Structure formats: structure tokens, C-alpha cells
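S.K.: Below is the structure I would like to discuss, written out as C-alpha cells.
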Ligand SMILES: Cc1cc2nc3c(=O)[nH]c(=O)nc-3n(C[C@H](O)[C@H](O)[C@H](O)COP(=O)(O)OP(=O)(O)OC[C@H]3O[C@@H](n4cnc5c(N)ncnc54)[C@H](O)[C@@H]3O)c2cc1C
């Protein structure tokens with residue numbers, strides 16, 4: 006038996022693969038009333054359907070994209086052009102901005118400062134040996150100190166915190182920039198598409214939940230245990246022996262037999278305490294510091310307008326605006342929301358600037374700031390706040406070495422594997438999670454030994470993230 010903890014994209018993909026390509030028995034244990042995790046669709050009556058932040062489904066691995074498409078059927082997907090803008094210095098501009106737009110947005114003096122600090126960095130400082138210890142050092146090396154402090158610092162502080170305490174991997178993987186040549190070619194129109202971001206993405210008609218519902222419909226319902234909250238695990242002789250959970254207030258215990266396996270996709274710090282006796286309190290304390298997750302609040306607004314933005318996303322760099330990103334469900338599938346209104350999702354990361362705000366203050370400030378961005382009065386029909394606690398991994402400096410040591414410890418338990426975005430503290434997207442789920446089952450069927458597990462882990466450690 007394979008016990009899968011968590012019914013998000015990672016856990017569901019493990020189940021899908023076991024169901025369709027193996028004879029192994031399995032059970033998914035999920036605390037929610039449905040599967041889908043962070044990639045779920047909510048039904049907001051009477052306004053329409055909306056995802057927990059509409060997701061672009063995209064991977065540079067086109068085989069993987071095809072495999073996921075075929076779960077629903079190839080005709081059940083929409084292909085969308087990705088259009089992003091950024092709200093910077095009080096103006097809504099294209100991303101990446103051309104030099105002319107930067108000049109218009111910041112004025113001549115700042116433009117000259119940006120230019121010289123970029124040139125100074127590229128052609129003088131980069132020739133000298135520099136200590137690159139943090140996200141701040143790494144990104145400054147790429148864009149110069151002036152652009153860093155005016156453009157990247159404010160948005161970074163809103164999403165992750167102090168840039169000088171963050172790991173350089175965030176700059177390497179999360180901040181994709183065009184080369185100078187690309188920027189010139191794009192500006193003068195010789196190049197139409199850039200290759201540092203996803204220009205197109207796919208989206209399942211009528212919302213993400215349709216993927217999970219389709220997978221669920223093919224699995225025997227007895228194998229999906231919903232409303233079941235995993236509380237702790239019991240461990241002895243280097244093996245997980247029991248899973249303790251609660252369902253409708255009742256204690257449930259799953260007892261594992263000799264050859265049973267547990268696949269965890271829950272945030273590892275949720276179950277850390279189960280391992281105190283095994284790994285020692287000090288280890289658990291230290292790993293809790295490394296596995297830092299930020300809380301993300303989603304403010305959904307139903308607005309009396311057929312459409313608000315042309316863009317798929319607007320990123321908001323300005324510190325004065327409470328949210329860092331806004332998206333609109335109709336930009337992904339216009340039929341998910343009633344014709345006479347639209348639903349937007351404003352993402353508010355809980356940070357040092359807003360941590361003392363009440364829920365009402367967060368919603369009011371979101372509406373106020375949205376009106377500023379759109380430069381019009383926003384008529385809100387309804388609002389809804391969804392709190393995603395501990396959902397955004399924060400990569401603090403040198404976290405990778407420490408994380409490796411933590412994951413190695415977990416891997417040393419004979420029948421326990423921890424995978425996925427939350428399960429391996431890996432800041433990745435839906436298709437990456439599905440790839441990990443599929444890959445896990447393939448590994449299990451083929452050559453399940455610890456050496457090959459190591460290379461399977463490494464395969465899934467470095468997905469390029471194209472925003
Ligand atoms: C606002 C937002 C926008 C995003 N946009 C995109 C995008 O555009 N494109 C993209 O590809 N990805 C996007 N993502 C990321 C994507 O949602 C995640 O990569 C993916 O959902 C992670 O899957 P997972 O299964 O690893 O984790 P999760 O989705 O977090 O699933 C974990 C599951 O475990 C369950 N669980 C937790 N604790 C317990 C417990 N104690 N007992 C039992 N069950 C438990 C949870 O309920 C959940 O169902 C976005 C995420 C967010 C939050």
C-alpha cells in the first residue's frame with residue numbers, strides 16, 4: 006500500500022500514475038473537502054468560478070505538457086497569449102519595459118542614473134572579483150544598483166522580505182531578464198518574441214479543478230480520504246509505522262505494514278514534530294528556521310464591469326500598493342464568470358508593512374489601490390478573502406545546503422519520501438509538481454533504490470521558472 010499525504014497536484018499525480026500504470030494499491034489522505042490543493046477552483050455564487058489565483062499551465066517540457074493535456078482531452082484546453090504589465094512608479098507599463106518607457110516612467114535624471122549604474126556594474130565592477138552572497142548582490146550584478154533599488158527592491162520586500170538576507174537562487178530562478186541584445190532587438194521591433202518568459206500558456210476550459218475532477222473520476226472513491234487531517238506520524242526501526250489523523254473530530258489511525266510506503270506532499274514543517282525523538286529537538290528547531298514560508302492572502306473582488314484588464318497579470322512593484330500581483334479570471338477563460346461582471350484576484354503577501362492590518366483593512370486598502378492602478382473608481386459588488394497560510398517558500402541565504410541536509414535526513418527513513426512544492430520546499434509550478442508525481446511512480450516501478458532516488462531528486466531540483 007502507498008499512502009499519499011495531501012491531494013494537491015503532486016499527490017494527485019502520484020495517484021493518477023499509480024492508478025493508470027501500476028497495480029499497486031494506494032490511498033490519498035487530504036484534509037480538505039476536495040482535491041486540488043493550491044491549484045483549486047472555487048465556486049463563488051452568484052458571481053462565477055475562480056481559481057486560487059488563475060494559473061498559467063506551462064512547461065518548457067512539451068512532452069509533459071502533452072501528457073497533462075491528454076488527461077482531460079486535447080480539445081478541453083485553451084491556448085492563451087501571455088500579456089503582463091508592471092505597475093512601476095505610478096504607471097502601468099509593459100514588461101520588460103523598453104528604454105523609452107523607462108525614460109518616460111522615471112524621467113531623465115533617474116534614467117541617466119540607471120544607465121550609468123548599469124554600465125558601471127557591467128563593464129567595471131563585473132570585471133573585478135565580487136562576493137555574491139545574497140539575492141541583492143546577485144541581482145545588483147545583473148542590473149546595476151540603481152535599477153535594483155528602484156525596481157526590484159520594493160517588490161522583493163513585499164513578497165519575500167529583506168533582499169540582503171535572501172538566497173541568490175531567487176535571482177537565478179525567479180527573475181528572468183532579457184539580454185542587452187534582446188532588449189535592443191525587441192525595442193526596434195526586429196525580434197517579436199522574447200525567450201526569457203513564457204509567451205503562451207495553456208489553461209483547462211472552465212478551471213483547474215476539471216483536471217483534478219477527471220483524475221478523481223477514474224479512481225475508486227474508497228481510495229480518496231477527504232476531510233482527513235494528518236496530525237502526526239509514528240516512527241520506529243527507521244520506518245513510519247502509523248499515520249494519525251482526525252476526521253470530523255474522530256481519531257483515525259492508519260497502520261503501515263512491512264512493505265508499505267508513505268509519500269508526503271504536505272509542508273514538511275507540519276509533520277516535523279513527529280520526528281523529534283528520531284532526529285533530536287535541535288535538528289527540528291534549526292530546520293524550522295530554514296523552512297520558512299510566508300502567508301499569502303488572496304483578495305477576490307467581484308466588480309461591476311465586463312472586464313478590467315487586458316493583461317493576464319499585472320505585477321505591482323510600488324511599495325505603497327498593498328498587493329504585489331493582480332490577475333483576472335476572465336483573462337484565462339472568459340466563460341467562468343457571469344457576463345455582466347468580472348472577478349479579479351489581488352495577491353497580498355503578509356509582510357512587515359501589513360502584518361497588523363485587520364481583514365477589513367486589507368480588503369479596503371486593496372480596493373483603494375486597485376482604483377489607483379486603474380485610475381478609475383472601482384465599483385465592487387462583492388469581496389472575499391482567502392488565506393493561504395504558509396504557502397510561499399522563502400529562500401533565505403544559504404538555505405540550499407541546510408535544506409539538503411534536512412531532506413537527506415528524511416530520505417534516510419526507509420519507507421518515507423517527501424516530494425512536491427511544499428513537501429520538498431521547492432518553489433515550483435503545477436506542471437513541475439505533476440512531473441515529480443509521475444516521476445516518483447516511474448522510479449518506484451523501475452529501480453527503487455536509494456542511489457537512483459538521489460538522481461530522481463536531483464532531476465526535479467532545478468526546474469527553470471519562466472514567469
Ligand atoms: C496564488 C497562486 C498562484 C499560482 N500560480 C501558478 C501559476 O500560474 N502556474 C503554476 O504552474 N503554478 C502556480 N502556482 C503554484 C501551484 O499552485 C503549486 O505549485 C501547486 O499547487 C503545488 O502542489 P502540491 O501538491 O505540491 O502542494 P499543494 O497544492 O499545497 O497541496 C498540498 C495538499 O496537502 C493538503 N494538506 C495540507 N496539510 C494537510 C494535513 N495536515 N493533512 C492532510 N492534508 C493536508 C492541502 O490541503 C493540499 O491539498 C500558484 C500558487 C498560488 C498560491
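In the working numbering, the protein residues as written are 6 to 472.
All C-beta atoms in this analysis are idealised placements derived from N, C-alpha and C, irrespective of residue type, glycine included.
These numbers were taken from a predicted model, which means no experiment stands behind them.
What residue range does the beta strand (DSSP E) around residue 53 cover?
M.R.: 53-56
S.K.: State yes or no: is the C-beta of residue 313 nearer than 6 angstroms to some heavy atom of ligand 1?
M.R.: Ligand 1 has no heavy atom closer than 6 angstroms to the beta-carbon of residue 313.
S.K.: Would the C-beta of residue 355 count as close to ligand 1, meaning under 6 angstroms from any of its heavy atoms?
M.R.: no
S.K.: From residue 220 to residue 213, what distance separates their C-alpha atoms?
M.R.: 12 angstroms
S.K.: Taking the beta strand (DSSP E) that residue 250 belongs to, which residues open and close that run?
M.R.: 244-252
S.K.: Give, in chain order, every unbroken run of the alpha helix (DSSP H) that is at least 4 residues long and sits entirely within the stretch 323-388.
M.R.: 364-379
S.K.: If you follow the alpha helix (DSSP H) that residue 104 is part of, which residue opens it and which one closes it?
M.R.: 104-128
S.K.: Short check: CB of residue 420 to CB of residue 273, under 7 angstroms?
M.R.: no
S.K.: Following a CB-centred definition, is residue 35 positioned closer than 6 angstroms to any heavy atom of ligand 1?
M.R.: yes
S.K.: Rounded to whole angstroms, what's the CA-CA distance from residue 159 to residue 133? Just pull it up for me.
M.R.: 28 angstroms
S.K.: Throw me the rounded Cβ distance for the residue 85 and residue 317 pair, which I believe falls under 8 angstroms.
M.R.: 7 angstroms
S.K.: From which residue to which residue does the alpha helix (DSSP H) around residue 448 run?
M.R.: Boundaries of the alpha helix (DSSP H) around residue 448: 435-451.
S.K.: Which class does residue 430 belong to by DSSP, given the choice of helix, strand or coil?
M.R.: coil
S.K.: For residue 73, which residues in the same chain have their Cβ closer than 8 angstroms to its Cβ, ignoring the five residues on either side in sequence?
M.R.: 62, 216, 436 and 439
S.K.: Use the C-beta contact count for residue 313: other C-beta atoms within 10 angstroms, 16 or more gives buried, fewer gives exposed.
M.R.: buried
S.K.: Near residue 54, which residues of its chain fall below 6 angstroms by C-beta distance, leaving aside the five closest residues on each side in sequence?
M.R.: 46, 48, 212 and 341
S.K.: Given this structure, state the Cα-to-Cα distance separating residue 180 from residue 241, to the nearest angstrom.
M.R.: If I take the Cα positions, the gap works out to 43 angstroms.
S.K.: By the 10 Å Cβ neighbour count, where 16 or more other Cβ atoms means buried, how is residue 43 classified, buried or exposed?
M.R.: Buried, since its Cβ has 16 or more Cβ neighbours within 10 Å.
S.K.: Going by the DSSP bridge assignment, what does residue 401 pair with across the sheet?
M.R.: Answer is 171.
S.K.: Report the start-end ranges of each alpha helix (DSSP H) in the stretch 26-54 that is 4 residues or longer and not cut off at the edges.
M.R.: none
S.K.: When you compare the CB positions of residue 396 and residue 303, do they come within less than 7 angstroms of one another, or not?
M.R.: no
S.K.: Quick one: any contact between the stretch 162-178 and the stretch 139-148, if contact means 3 or more CB pairs under 8 angstroms?
M.R.: The stretch 162-178, when compared against the stretch 139-148, does touch it at the 8 angstroms Cβ threshold.
S.K.: Alpha carbon to alpha carbon, how far is residue 225 from residue 231? Give it in angstroms, no decimals.
M.R.: Roughly 13 angstroms between the two C-alpha positions.
S.K.: Run the proximity test for residue 427: is its beta-carbon closer than 6 angstroms to any non-hydrogen atom belonging to ligand 1?
M.R.: yes
S.K.: Starting from residue 209, trace the beta strand (DSSP E) in both directions and tell me its first and last residue.
M.R.: Residue 209 -> beta strand (DSSP E) spans 205-209.
S.K.: Would you please state the rounded distance, in angstroms, between the beta carbons of residue 424 and residue 406? I believe it to be under 8 angstroms.
M.R.: With a contact defined as Cβ atoms closer than 8 angstroms, residue 424 and residue 406 miss out at about 20 angstroms.
S.K.: Can you tell which of 161, 343, 366 and 268 has the C-alpha that lies nearest to the C-alpha of residue 401?
M.R.: 161
S.K.: With DSSP as the reference, label residue 459 as helix, strand or coil.
M.R.: helix
S.K.: Within the same chain, show all residues whose beta-carbon is closer than 6 angstroms to that of residue 150, passing over the 5 residues directly before and after it, in chain order.
M.R.: Cβ within range, chain order: 122.
S.K.: Within 10 Å of its beta-carbon, does residue 468 have 16 or more other beta-carbons around it, so buried, or fewer, so exposed?
M.R.: buried
S.K.: Round the Cβ separation of residue 8 and residue 265 to the nearest angstrom and send it over; I've been treating them as touching at under 8 angstroms.
M.R.: 7 angstroms
S.K.: What does DSSP give as the partner residues of residue 391 in its beta bridges?
M.R.: 303
S.K.: Using a Cβ distance threshold of 8 angstroms, determine whether the stretch 76-83 contacts the stretch 368-376, with at least three qualifying pairs required.
M.R.: no
S.K.: What span of residues does the alpha helix (DSSP H) with residue 215 cover, start to end?
M.R.: Where residue 215 is concerned, the enclosing alpha helix (DSSP H) starts and stops at 214-222.
S.K.: Where does residue 271 land, buried or exposed, given buried means 16+ other C-beta within 10 angstroms?
M.R.: buried
S.K.: Give the straight-line distance between the Cα atoms of residue 10 and residue 97, rounded to the nearest whole angstrom.
M.R.: 42 angstroms
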